[in-house]
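First up is the structure itself, then whatever we jot down about it.
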Amino acid sequence: HVRKLVDTYGLTVLTIYDDQILMNKERAKEIFRKLAPLGIRIEMPNGVTLSYIDQEMAYLMKSAGVDTIFLAIESGVKRVLNEIIKKPLSYNRIKPVISSLHANEIFVGSFFVLGLPGERPDERYFNREFILENSIDWAFFNLATPLRGSELFNQSVEKGWVDPKFKKLGSVDMTDYVITGAPGMNGERIKRDLLLMNLDVNFVNNRRMAIGDFETARLSFEEVLSRHSEQPFAHFYLAKSLEGLRITEFETKIAYHMSEYRRIVDTDILWKDVACYLGLETGSTSKNFFGYEALVSPL
Numbered sequence: 028h029v030r031k032l033v034d035t036y037g038l039t040v041l042t043i044y045d046d047q048i049l050m051n052k053e054r055a056k057e058i059f060r061k062l063a064p065l066g067i068r069i070e071m072p073n074g075v076t077l078s079y080i081d082q083e084m085a086y087l088m089k090s091a092g093v094d095t096i097f098l099a100i101e102s103g104v105k106r107v108l109n110e111i112i113k114k115p116l117s118y119n120r121i122k123p124v125i126s127s128l129h130a131n132e133i134f135v136g137s138f139f140v141l142g143l144p145g146e147r148p149d150e151r152y153f154n155r156e157f158i159l160e161n162s163i164d165w166a167f168f169n170l171a172t173p174l175r176g177s178e179l180f181n182q183s184v185e186k187g188w189v190d191p192k193f194k195k196l197g198s199v200d201m202t203d204y205v206i207t208g209a210p211g212m213n214g215e216r217i218k219r220d221l222l223l224m225n226l227d228v229n230f231v232n233n234r235r236m237a238i239g240d241f242e243t244a245r246l247s248f249e250e251v252l253s254r255h256s257e258q259p260f261a262h263f264y265l266a267k268s269l270e271g272l273r274i275t276e277f278e279t280k281i282a283y284h285m286s287e288y289r290r291i292v293d294t295d296i297l298w299k300d301v302a303c304y305l306g307l308e309t310g311s312t313s314k315n316f317f318g319y320e321a322l323v324s325p326l
């Protein structure tokens, strides 16, 4: 079928929306073997389960055209995985699997959820160490959201953790933290932690920048700016990645993105505080950082 699409319509990219494409390992490997000769690119935007990835699987995926993969890890904390999410993840295989993917030049992204009822603040911070120690190229953070049909939804409704209006189908806003009634869960603090962790691991401590892969880092920051043109950290680190490439023609772009960073930080006190907190700026001690002093509970 895919060969017909290639031959008849010139298909160059195949997108597979299947969280469990790898579950039947032998079937998956055979699919990748048959796709390899077609010379196309394969995208798998859904988070796949890393438990089914071995060295051969990583090699076959790369051969078939997979250059980026997203792992559904959800949390770097064993207790959260076992007791709260109840996710059967082979924790001790995470690092070897990521190493196999990197050995085959596959960019590794991973999904994480913050703010699950029962999660402790120190456990949220541990995700940062987990991401850095396991060399994840890009971490995607989401606020815990009680979607209909999930155990979290049933639990939140039963215990009165969410506003009754969220019982209506399609009413939950996934960009906000709505589990306001869960004990010990401070929504503003959780959103603050998510913002800090995203900026810390994906920008300040970006793995591709750290290993000198400035081209891949550049593409990542450009992707962020294509969606969020006023994100100052993306401007700053795009300029830094362009500097790392040492190409004379990029000098104008470097100056532009640094000036955009400067403009945004100088006119937005929140971004100024965050930049100070993460070491890009110095001097700010305002309390506009989600209502907290900027230097409370350092990462």
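My numbering applies: residue 28 is where the sequence shown begins, and numbers increase by one.
Here a beta-carbon is modelled for each residue, glycine too, at the ideal position from N, C-alpha and C.
Would Thr76 pass as a contact of Asp46 if the rule is Cβ separation under 9 angstroms?
As a position in the sequence shown, residue 76 is number 49, starting the count at 1. As a position in the sequence shown, residue 46 is number 19, starting the count at 1. Contact: yes.
For Ser177 versus Val135, is the C-beta spacing smaller than 9 angstroms?
As a first step, residue 177 is located in the sequence shown; it is residue number 150 there, counting from the start. As a first step, residue 135 is located in the sequence shown; it is residue number 108 there, counting from the start. Result no, Cβ atoms of Ser177 and Val135 do not sit closer than 9 angstroms.
Taking DSSP as the reference, what is the three-state secondary structure of Glu132?
Your numbering for residue 132 matches position 105 in the sequence shown. Note: Glu132 maps to coil in three-state DSSP.
For Val140, which residues from the same chain have a beta carbon less than 7 angstroms from its beta carbon, with the 5 sequence-adjacent residues on both sides left out?
Walking along the sequence shown from the start, residue 140 turns up at place 113. For Val140, where only same-chain residues beyond five positions count, the Cβ hits under 7 angstroms are Glu101, Ser102, Asn169, Ala171.
Cβ-based burial, Asp200 [other Cβ within 10 Å; buried from 16]:
Within the sequence shown, the letter at position 173 stands for residue 200. With fewer than 16 Cβ atoms within 10 Å of its Cβ, Asp200 is classed as exposed.
Pairs of beta-carbons, one from the stretch 282-290 and one from the stretch 201-211, closer than 8 angstroms: are there three or more?
no
For Asn51, the first and last residue of its enclosing beta strand (DSSP E)
Here the question's residue 51 lines up with position 24 in the sequence shown. First-last for Asn51: undefined, no H or E at that position.
With DSSP collapsed to three states, give me the class of Trp327.
As displayed, the chain neither begins before 28 nor continues past 326, which places residue 327 out of reach and without an answer.
Out of Tyr152, Ile112, Ile43, which one is the CA nearest neighbour of Val228?
Counted from its first residue, the sequence shown places residue 228 at position 201. Minimum Cα distance to Val228 is reached at Tyr152.
Quick check on the DSSP output: what are the complete alpha helix (DSSP H) runs of length 4 or more inside the stretch 139-226, in order along the chain?
148-160, 178-185, 214-226
Going by beta-carbon coordinates alone, are Phe59 and Ala99 separated by less than 9 angstroms?
If you number the sequence shown from 1, residue 59 lands on position 32. If you number the sequence shown from 1, residue 99 lands on position 72. It is not a contact, given that the beta carbons lie outside the stated cut-off.
If I follow the unbroken beta strand (DSSP E) through Thr76, where does it start and stop?
Locating residue 76 in the sequence shown gives position 49, where the first residue counts as 1. Here Thr76 belongs to no beta strand (DSSP E), and DSSP marks it neither H nor E.
If you draw a straight line from the alpha carbon of Ser324 to that of Arg216, how long is it in whole angstroms?
Along the sequence shown, read from residue 1 onward, the residue named residue 324 stands at position 297. Along the sequence shown, read from residue 1 onward, the residue named residue 216 stands at position 189. Unreliable positioning characterises Ser324 in this predicted model, as indicated by a pLDDT of 44, which lies under 50. The coordinate reading is nonetheless provided below. Those two C-alpha atoms are separated by around 11 angstroms.
Return helix, strand or coil for Leu57, following the three-state DSSP convention.
Here residue 57 refers to the residue found at position 30 of the sequence shown. The amino acid occupying residue 57 in the given sequence is Glu; Leu does not appear at that position. Three-state result, Glu57: helix.
For the 8 angstroms Cβ check, are there 3 or more pairs between the stretch 113-122 and the stretch 57-73?
no
Using 8 angstroms as the threshold, is the stretch 87-94 in touch with the stretch 126-133, meaning 3 or more CB pairs across them?
yes
Straight-line CA distance for Arg303 to Leu62?
Taking the sequence shown and counting its residues from 1, one reaches residue 303 at position 276. Taking the sequence shown and counting its residues from 1, one reaches residue 62 at position 35. A small fix is needed here, since residue 303 is Cys in this sequence, not Arg. Roughly 48 angstroms separates the two Cα atoms.
Out of curiosity, what's the CA-to-CA distance linking Glu57 and Lys186?
Indexing the sequence shown from 1 puts residue 57 at position 30. Indexing the sequence shown from 1 puts residue 186 at position 159. Cα to Cα, Glu57 sits roughly 47 angstroms from Lys186.
Kindly list the residues whose CB is nearer than 7 angstroms to the CB of Val40, restricted to its own chain and excluding five residues on each side of it in sequence; keep chain order.
Here residue 40 refers to the residue found at position 13 when the sequence shown is read from its first residue. Result list for Val40: Ile67, Arg68, Glu70, in chain order.
Leu307, DSSP secondary structure in three states:
Here the question's residue 307 lines up with position 280 in the sequence shown. Residue state, collapsed to three classes: coil.
How many angstroms separate the CA atom of Gly74 from the CA atom of Asp300?
Stepping through the sequence shown from its first residue, residue 74 is reached at position 47. Stepping through the sequence shown from its first residue, residue 300 is reached at position 273. Taking the straight line joining both Cα atoms gives about 33 angstroms.
According to DSSP, what are the bridge partners of Val40?
Here residue 40 refers to the residue found at position 13 of the sequence shown. Note: Val40 sits in a beta bridge opposite Arg68.
When Pro64, Met236, Pro148 are compared against Phe263, the one with the closest alpha-carbon:
What you label residue 263 is simply residue 236 of the sequence shown in a count that begins at 1. Closest option to Phe263, Cα to Cα, is Met236.
What does the alpha-carbon distance come out to for the pair Thr42 and Leu65?
One-based indexing of the sequence shown puts residue 42 at position 15. One-based indexing of the sequence shown puts residue 65 at position 38. Taking the straight line joining both Cα atoms gives about 14 angstroms.
Alpha carbon to alpha carbon, what distance is there between Ala266 and Arg273?
The count along the sequence shown starts at 1 and reaches residue 273 at position 246. The count along the sequence shown starts at 1 and reaches residue 266 at position 239. Cα to Cα, Arg273 sits roughly 11 angstroms from Ala266.
If you measure between the beta carbons of Glu146 and Val104, is that distance less than 9 angstroms?
Locating residue 146 in the sequence shown gives position 119, counting from the first residue. Locating residue 104 in the sequence shown gives position 77, counting from the first residue. Yes, these two residues count as a Cβ contact at 9 angstroms.
In or out: Ile111 buried (at least 16 other Cβ within 10 Å) or exposed?
The count along the sequence shown starts at 1 and reaches residue 111 at position 84. Flag for Ile111 reads buried.
Ser198 to Asp164, Cα distance in whole Å?
Mapped onto the sequence shown, residue 198 falls at position 171. Mapped onto the sequence shown, residue 164 falls at position 137. Roughly 33 angstroms separates the two Cα atoms.
If you reduce the DSSP assignment to three classes, tell me which class Glu320 lands in.
The residue given as residue 320 occupies position 293 in the sequence shown. The pLDDT assigned to Glu320 is 43, lower than 50, so where the model puts this residue is not dependable, and the model offers no usable value.
From what residue to what residue does the beta strand (DSSP E) around Phe260 run?
Here the question's residue 260 lines up with position 233 in the sequence shown. Phe260 -> not in any beta strand (DSSP E); alpha helix (DSSP H) instead, spanning 259-272.
Straight-line Cα distance separating Leu38 from Glu249:
Mapped onto the sequence shown, residue 249 falls at position 222. Mapped onto the sequence shown, residue 38 falls at position 11. Their backbone Cα atoms lie some 25 angstroms apart in a straight line.
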